[in-house]
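This report concerns only the one structure given below.
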Amino acid sequence: MTITITAFERSPDGGKGLARDTRVRWALEEVGQPYAVRLVSFAAMKEPAHLALHPFGQIPTYQEGDLALFETGAIVLHIAERHAGLLPDDPNARARAITWMFAALNTVEPPIFDLEIVRLLESGKSWFEARLPLVEDRVRDRLVRLSARLGDADWLDGAFSAGDLMMVSVLLRLKSSGLLDGYPNLTAYVGRGEARPAYQRAFAAQLAVYTGKPPAG
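In terms of the working numbering, the sequence shown is residues 340 to 556.
Okay, here's the thing in structure tokens:
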């Protein structure tokens, strides 16, 4: 059965790979599964047909036969459990990889997302100058602890896993902020993720939607 995911018809990130469908594309590329993409407009995301797939009117969604999923964590976990390549065979290592997936989404991403909201939507507010350093400090607290845990390892727990895929995806949202610059091991970690051929294919596919030009090769 063909896997179909949804993505922005016109991504607000300008094709930089920050839209959350990129995480799902990356996971599918890592496990070698072909997929189709159905592009949706912002208006279509609020219509009944899409809300039946994603009750909060967002992207991405994942459909395979009569299975429909939403939320990138759930989708990537489903892919990783169904296909080899993103979760270790050892049960304990597998559980740790899943833990890192949850850590990326529940612990690391929320303050990063808050920072994006502050910079994009609150820059003209009276409280912006006071609030911005507080939000940046919360992000740095996560980065300090993550950097200490990663150390000089290539990946979070042995070989590359779905935990790394999700963590790198989250940290990519900080590239333009400069906050990663103080953590050379995290900068290198993100670079290793971006260098993976599966990520390169996912990025190119997402960018092609924005530019209207098919990926090279």
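The beta carbon of each residue, even a glycine, is placed where N, CA and C say it ideally should be.
Report the rounded CA-to-CA distance for residue i versus residue j, giving the unit in angstroms.
| i | j | result |
| --- | --- | --- |
| F452 | G530 | 21 angstroms |
| A364 | G404 | Note that residue 364 corresponds to Arg in the displayed sequence, not to Ala. If I take the Cα positions, the gap works out to 18 angstroms. |
| L454 | V474 | 6 angstroms |
| V507 | W466 | 31 angstroms |
| P373 | A498 | 24 angstroms |
| D496 | A432 | 8 angstroms |
| E533 | R362 | 12 angstroms |
| M292 | R377 | The structure shown has nothing for residue 292, since the chain only spans 340 to 556. |
| G517 | M340 | 43 angstroms |
Which residues in the same chain as residue i place their Cβ atom closer than 7 angstroms to its Cβ, once the five residues preceding and following it in sequence are excluded?
| i | result |
| --- | --- |
| G396 | M384, K385, H389, L390 |
| R421 | none |
Ignore the nearest five residues each way along the sequence and tell me which others in residue i's own chain have a CB closer than 8 angstroms to its CB.
| i | result |
| --- | --- |
| E448 | V509, R512 |
Would you say residue i and residue j are within 7 angstroms of each other, going by their C-beta atoms?
| i | j | result |
| --- | --- | --- |
| E309 | L444 | Absent from the model: residue 309. The displayed extent of the chain is 340 to 556, so no value can be given. |
| L392 | A375 | no |
| D503 | W494 | yes |
| A501 | A436 | yes |
| I418 | A366 | yes |
| P450 | R470 | no |
| Q545 | G356 | yes |
Run through the DSSP bridge pairs and tell me what residue i is partnered with.
| i | result |
| --- | --- |
| A443 | Beta-bridge pairing links A443 to no other residue. |
| T400 | F409 |
| F452 | Answer is none; F452 lacks a bridge partner. |
| V376 | I344 |
Can you name, in chain order, every residue of its own chain whose Cβ lies under 6 angstroms from the Cβ of residue i, other than the five neighbours on each side?
| i | result |
| --- | --- |
| L482 | Y522 |
| S380 | E348 |
Query raised in the report: Unbroken alpha helix (DSSP H) runs of length 4 or more, entirely within the region 512–554: which are they?
Result: 523–534, 536–550
Requested in this report: Kindly provide the ranges of any alpha helix (DSSP H) runs that are 4 or more residues long and lie completely inside the region 456–515, ordered along the chain.
Outcome: For the region 456–515, whole alpha helix (DSSP H) runs of length 4 or above, ordered along the chain, are 467–489, 501–510.
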